[in-house]
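My numbering puts the first residue of the sequence shown at -11, with every later residue one more than the last.
Where a beta carbon is used, it is the ideal one built from N, C-alpha and C, also for glycine.
Note that the structure is a prediction, hence the values are computed from the model and not measured.
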Amino acid sequence: MDTELSTSVVIPTYNGSAKVARLLESLLRQTKAPGEVVVVVDGSTDGTAEALMPWRGLLPLQIVEQPNTGRAAARNAGVQRSAGELLIFFDDDVTLPPDCLQKHVAFHATREGLLTGNPQETPGPDKSDLQNYKGMLVKRWVEKYNPGLNRLSDNQVFFTGANCSVRRSVFDRLNGFDAALRDIEDQDFAQRAIDKGVPVWFDLFNTVEHHDEITCVRYIRRLREYATWHRVLAERYPLRTHRGARSAGWKRLVY
């Protein structure tokens, strides 16, 4: 396989001008510079596109504006405007350690499949009790995995679009994310990969920091939304036990 893959970082954002700036700042500090960065402004009303303009002089940045159609459609639009062989996706509310892109590139230089990383939330005195509780849940959830790479079994597949990567050839083979889904589009993407014999991997050491200013009201709403979309996933893949989807139940709290 190629050892030097051209990379495209794709970031969907909705009303995330402050959040995405924090992510772009962490992209500047990468040991492996991105070939291009495509930020898809998904119907934002907070001036995100204008706020991103100064970053064009600091990063190889494309800004794509479109009506609000959801994360899946936004990611697909970013891919269509990109050119890299390796597609790396981040949500707008994460920041990256300096070796994050390098880890994605190194994985795909020697393996095939989908790679998803570890979206950790570090507890701290400046965070609410709910945020610290979330961080504890995420830490406890990933402790069952081996250090480094874990190949996920067919019935224990999970996938988070907050930190993931895939070769463009595989992305095209899977027809991208399902734009009809407003949630669980990442999990659906991984399920379709398994159906086509594409392995899905989790790297415990490929971390990003998830910054979520969640409130109790948002948490309750998120639980209801997740339950609704999980039923959609179960209907799509009835032959699976969906232990993987349930084991990824931390996403109800994390995202």
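When secondary structure is reduced to three states using DSSP, residue 19 falls in the coil class, being assigned neither helix nor strand.
The region 16 to 27 makes no contact with the region 174 to 188, as fewer than three CB pairs between them are under 8 Å. Bounds of the beta strand (DSSP E) holding residue 1 are -5 to 1. For residue 151, the enclosing beta strand (DSSP E) stretches over residues 151 to 155.
Taking every protein chain shown into account, the CB of residue 97 has fewer than 16 other CB atoms within 10 angstroms, so this residue is exposed. Comparing alpha-carbon positions, the option among 75, 23, 144 and 1 lying closest to residue 52 turns out to be 1. The C-beta separation of residue 107 from residue 196 comes to about 5 Å, placing the pair in contact by the 8 Å criterion. Three or more beta-carbon pairs separated by less than 8 Å are not found between the region 155 to 171 and the region 82 to 94, which leaves the two stretches without contact.
Taking residue 39 as the centre and dropping the five residues before and after it, the same chain places the C-beta of 5 closer than 6 Å to its C-beta, in chain order.
Considered as a whole, the region 134 to 187 harbours 156 to 161 and 173 to 183 as its complete alpha helix (DSSP H) runs of no fewer than 4 residues, in chain order.
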